[in-house]
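Peer 1:
Numbering (the numbering used here), first residue to last: 9 to 392.
1. For the stretch 161-249, list the alpha helix (DSSP H) runs that are entirely contained and at least 4 residues long, ordered along the chain.
2. To the nearest angstrom, how far is it from the Cα of residue 179 to the Cα of residue 165?
3. Is it buried or exposed, residue 298, if we count other Cβ atoms within 10 angstroms and call 16 or more buried?
4. Quick one: any contact between the stretch 101-112 and the stretch 40-48, if contact means 3 or more CB pairs under 8 Å?
5. Return the residue from the list 88, 199 and 97 that minimises the CA-CA distance to residue 129.
6. Quick one: what does DSSP say residue 322 is sitting in, helix, strand or coil?
7. Measure how close the beta-carbons of residue 272 and residue 16 come, nearest whole angstrom, since I'm counting them as under 8 Å.
8. With H, G and I counted as helix, E and B as strand and the rest as coil, what does DSSP make of residue 103?
9. Please return the same chain residues whose Cβ sits closer than 7 Å to the Cβ of residue 222, not counting the five positions on each side in sequence.
10. Whole angstroms are fine: how far does the CA of residue 310 sit from the CA of residue 288?
11. Would you call residue 358 buried or exposed, if buried means 16 or more other Cβ atoms sit within 10 Å of its Cβ?
12. Report the residue from 363, 207 and 108 whose alpha carbon sits nearest the alpha carbon of residue 74.
13. Can the beta-carbon of residue 438 be found closer than 9 Å to that of residue 25?
14. What number of angstroms, rounded off, separates the C-alpha of residue 252 from the C-alpha of residue 264?
15. Restricting to Cα atoms, I'd like to know which of 55, 378 and 186 is closest to residue 365.
16. Report yes or no: do three or more beta-carbon pairs, one from the stretch 33-43 and one from the stretch 207-221, lie closer than 8 Å?
17. Here's a check: name, in chain order, each residue in its chain whose Cβ is nearer than 7 Å to the Cβ of residue 351, leaving out the five neighbours to either side.
18. Quick check on residue 124: buried or exposed, where buried means 16 or more other Cβ atoms within 10 Å of its Cβ?
19. What did DSSP end up calling residue 24 once you bin it into helix, strand or coil?
20. By Cβ distance, which residues of its chain are closer than 8 Å to residue 327, with the 5 residues on each side in sequence left out?
21. Per DSSP, what kind of secondary structure is residue 375 in: helix, strand or coil?
22. Counting along the chain, where does the beta strand (DSSP E) carrying residue 271 start and finish?
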């Protein structure tokens, strides 16, 4: 996959979790009765057929099974989903197939089943390497579970990544640096490192508003971000995107499709897609409630309930927002082709003087480390 051809991805959303984490605003649902996995797998396949009729023949660059907790799926469910992708589009032999897993739902037999089904990359939601913080984050696993899951993943899958959340309450720069050093010792080739954010509608939002806990102030959070970059760089896992770090060549191919503004279909409850149809990029948004989505698919072949056709200006704005997350930055000519105009040279000059953006040669532009901390404002300023 090259930047000039960002690729075509398939994202499949498994919306179920064993418990809802208090910081999470993803489309995830807890069910106390067993989920009819065979029925959902059939619905995923049906929606893929409908989407394939819209996209036309494509070669899939990557498949990502996200959630929710996809590791609650049986291996035969994963196998059926991957077979459905191959029945709808062309799937090359060297495709990246990622499955998200929580350490609490990891079993060696299930992992081997996922590998046999075709999964070749696993992303583990570890989130912290100390038990008190795992309890604060509402995780069902402890550190011992996490380390067992990491060990299994490294033994069974060719590629493995795991997530950590930082900027947790009372987290010092020294403690985070030590935790990151430890994490890199376990990591194979990729880490996703996210700052804790307080999202509306989550239990953490209400608790934070009530003063039950505090997160680091912006200056403290910026220090933690700086330490993140320094420690990962020193260990050979430099940032290639604001929150993602990899050894060269081990970047997430699927996420690069998003950040390089490629095309992808979203399959499943609440999934979003973005692909070109009849010469224009469209957005699809699926019904969030799993059972409602299931009934829609069975009735009419898809669960899409929202979406739009993007204007050239909207495409260009999205391209900026996604591309400036990357260390490689954006291709200025591609922006001009999307927007129908170049970026304003006077804005570029001012933002360079403020050390928020920097050129890469004569054809590319990227956010500086300072700019990455205020990316939304930076994009809004550039896109004026």
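Glycine residues also receive a C-beta, built at the ideal position from the N, C-alpha and C atoms.
Peer 2: To lay it out plainly:
1. Entirely contained in the stretch 161-249, the alpha helix (DSSP H) runs reaching 4 residues are, in chain order, 181-194, 211-217 and 226-242.
2. 32 Å
3. buried
4. no
5. 199
6. helix
7. 7 Å
8. Here residue 103 sits in coil by DSSP.
9. 177
10. 21 Å
11. exposed
12. 108
13. No answer is possible for residue 438: it lies beyond the span of the chain, which begins at 9 and ends at 392.
14. 11 Å
15. For the residues 55, 378 and 186, the minimum Cα distance to residue 365 belongs to 378.
16. yes
17. 340, 343 and 390
18. exposed
19. Annotated three-state conformation of residue 24 is strand, per DSSP.
20. 269, 338, 342, 343 and 346
21. Correct three-state label for residue 375: strand.
22. Per DSSP, the unbroken beta strand (DSSP E) holding residue 271 starts and ends at 271-275.
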